[in-house]
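Here the structure comes first, spelled out in structure tokens, and everything after it is commentary.
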Amino acid sequence: MLELGGAAPAATDLIKDVTEADFMREVVDASMETPVIVDFWAPWCGPCKTLGPQLEAAVTAANGAVKMAKVNVDEAQMIAGQLQIQSIPTVYAFWQGQPVDGFQGAVPESEVKAFVGRVVEAGGGDASGGLDGALDAADEMLEAGAADDAAQTYAAVVEEDPNNVRAFAGLVQAHLAQDDLAQAEAILNGAPAEISGAPELEAAHAQIELAKQAADAGPVAELTAAVEADPDNHQARFDLAQALHANDDAENAVAQLLELFRRDREWNDGAAKAQLFTIFDALKPNDPVVLNGRRKLSSMIFA
């Protein structure tokens, strides 16, 4: 497995049972350097038994960017009174000696993770446990043309975090960059069901569809000539759009599809509009090609 960083801190260093006697040292003083999440709980509290392990898992995953103190309110009534703990579970986050965030009651695991992420960021840390840095590096490798190295890094992140949408999408893109369409499709199909609908993976699906089309794309010059000879040759115009995209000219591919839509929006069961959406999905939402193309398409639809 590719190493993504140094050894993770031991759980005993990150998560501690804290009493009134050491609350000042383990929470207030410790939070001057690293954010500390305090879980106020009691043995008789049912929701605490669910929330506690969720907090511990999220804190452990942050790889030392945040610590956790578990305070039994039955044994720390003075601290509970000072912080006005009225019900449990109650969770507070301390940073530089002061409470900065918190919540009461059991919450969904996604909210627990989001809370820990906010606390880590408040302390200037990386809530991903170093994975975001690895993904940034992989993105740079892919941009620089080192697709194989990028693929190894993306794969290592997936191994560490099997539900990491960004890593799965990057791994697909890395294999597409290596012209390994079959492997890219296999990776996308193997993504966990809970992340399969993520926008990044929808984009990866669109990229795969366009890559399949590129393999069969015709010559741009011949298709251009065919369209110029007969502007109402819709199939030639559609094929030209595919060929242009295969040659990394998304802007003109979109222009040809918009012209086809203008001439006959119902041609081939609305193929022009469907192809436009495939291209839009494959690009970043803020890409000028997407912004301009969507605006022009909308103006035609609602004209």
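The numbering of the sequence shown is our numbering, which starts it at 1359 and goes up by one. Yeah, the Cβ is synthetic: ideal placement off N, Cα and C, and Gly gets one too.
Own chain partners of residue i with C-beta closer than 8 Å, once the 5 adjacent residues on each side are dropped
i       : result
Lys1374 : Glu1384, Lys1425, Met1426, Ala1427, Lys1428
Leu1413 : Ile1395, Asp1397, Met1426, Val1449, Val1470, Val1474
Ile1566 : Val1530, Leu1534, Leu1539, Ala1542, Glu1543, Leu1546
Ala1594 : Leu1581, Ala1584, Val1585, Asp1588
Ser1445 : Gln1462, Gly1463
Gly1460 : Thr1448, Val1449, Tyr1450, Ala1451
Residues of its chain near residue i, where Cβ-Cβ distance is below 7 Å and the 5 sequence neighbours each way are ignored
i       : result
Phe1638 : Val1648, Gly1651, Arg1652
Ala1415 : none
Gly1364 : Per-residue confidence for Gly1364 stands at a pLDDT of 48, beneath the threshold of 50, marking its modelled position as unreliable; no derived number is given.
Gly1455 : Val1386, Ser1389, Met1390
Thr1377 : Glu1433, Ala1434
Thr1636 : Ala1564, Glu1567, Leu1568
Glu1467 : Gln1412
Val1523 : Ile1553, Ala1556, Glu1558, Leu1559
Ile1443 : Phe1398, Val1431
Met1612 : First, the residue type needs correcting, since residue 1612 is Val and not Met in the sequence shown. If we look at Val1612 and ignore the five residues flanking it on each side, its Cβ neighbours are Leu1634, Ile1637, Val1647, Gly1651.
Asp1590 : Arg1621
Expected contact under 8 Å - CB spacing of residue i and residue j to nearest Å
i       : j       : result
Val1474 : Ala1420 : 6 Å
Thr1511 : Ala1527 : Rounded, the Cβ-Cβ distance is 13 Å, inconsistent with contact.
Ala1509 : Pro1393 : Not quite, the Cβ-Cβ distance comes to about 34 Å (not below 8 Å), so this is no contact.
Ala1601 : Ala1632 : The Cβ separation is near 17 Å, so there is no contact.
Ala1535 : Ala1505 : 4 Å
Asn1430 : Trp1402 : Not a contact, Cβ separation roughly 10 Å.
Ala1451 : Val1477 : 4 Å
When the options are compared against residue i, the one with the closest alpha-carbon
i       : options                            : result
Gly1422 : Ser1389, Trp1402, Asp1397          : Ser1389
Leu1598 : Asn1605, Val1578, Pro1589          : Val1578
Lys1570 : His1603, Leu1655, Val1431          : His1603
Met1658 : Leu1615, Leu1641, Ala1434          : Leu1615
Gly1628 : Phe1596, Ala1572, Leu1539          : Phe1596
Ala1573 : Asp1538, Glu1469, Gly1463, Glu1433 : Asp1538
Asp1397 : Thr1448, Gln1444, Pro1405, Ile1443 : Thr1448
Asp1380 : Pro1401, Glu1433, Trp1399, Gln1462 : Glu1433
Pro1457 : Leu1372, Met1382, Asn1605          : Met1382
Asp1494 : Asn1521, Val1478, Leu1529, Arg1476 : Leu1529
Thr1418 : Asp1371, Ala1564, Phe1660          : Asp1371
Leu1489 : His1592, Ile1566, Cys1406, Pro1520 : Pro1520
Leu1568 : Ala1613, Asn1626, Leu1634          : Leu1634
Ala1561 : Ala1640, Ala1611, Trp1453          : Ala1640
Spatial neighbours of residue i in its chain, beta-carbon cut-off 6 Å, leaving aside the 5 residues before and after
i       : result
His1533 : Gln1541, Ala1542
Asp1645 : none
Gly1483 : Ala1423
Leu1360 : Residue placement at Leu1360 cannot be trusted, given a pLDDT of 46 that sits under 50; what the coordinates show is reported in the next sentence. Excluding sequence neighbours, Leu1360 sits near Gln1510, Ala1514.
Leu1409 : Pro1447, Ala1464
Lys1654 : Leu1616
Glu1609 : Val1647
Pro1405 : Pro1447, Ala1464
Trp1625 : His1592
Ala1630 : Leu1615, Leu1618, Phe1619
Asp1507 : Met1499
Range of the contiguous alpha helix (DSSP H) that encloses residue i
i       : result
Met1436 : 1435-1440
Met1499 : 1489-1501
Ala1416 : 1404-1419
Val1385 : Element bounds for Val1385: n/a, residue is neither H nor E.
Val1376 : Careful: Val1376 lies outside any alpha helix (DSSP H) and carries neither H nor E.
Val1477 : 1467-1480
Ala1587 : 1578-1587
Asp1627 : 1625-1640
Gln1510 : 1505-1518
Host beta strand (DSSP E) of residue i (start-end)
i       : result
Gly1460 : 1456-1462
Ile1395 : 1394-1399
Lys1428 : 1425-1430
Ala1544 : Not the beta strand (DSSP E): Ala1544 falls in the alpha helix (DSSP H), residues 1539-1547.
Ala1451 : 1448-1453
Near the ligand ATP: residue i beta-carbon under 8 Å from a heavy atom
i       : result
Gln1462 : Although the ligand ATP was asked about, the structure shown includes no ligands whatsoever.
(message) Whether or not the region 1582-1590 and the region 1544-1563 are in contact is what I'm after, with contact meaning three or more pairs of Cβ atoms, one per stretch, closer than 8 Å; do they touch?
(response) Below 8 Å, too few C-beta pairs join the region 1544-1563 and the region 1582-1590 to call them touching: fewer than three.
(request) Evaluate the contact criterion for the region 1499-1509 versus the region 1434-1450: three or more CB pairs, one atom per stretch, below 8 Å. (result) Not touching, per the Cβ criterion.
(request) Say whether the region 1543-1551 touches the region 1614-1629, bearing in mind that this needs 3 or more beta-carbon pairs closer than 8 Å, one atom from each stretch. (result) Proximity of the region 1543-1551 to the region 1614-1629 falls short of the contact definition, fewer than three beta-carbon pairs being nearer than 8 Å.
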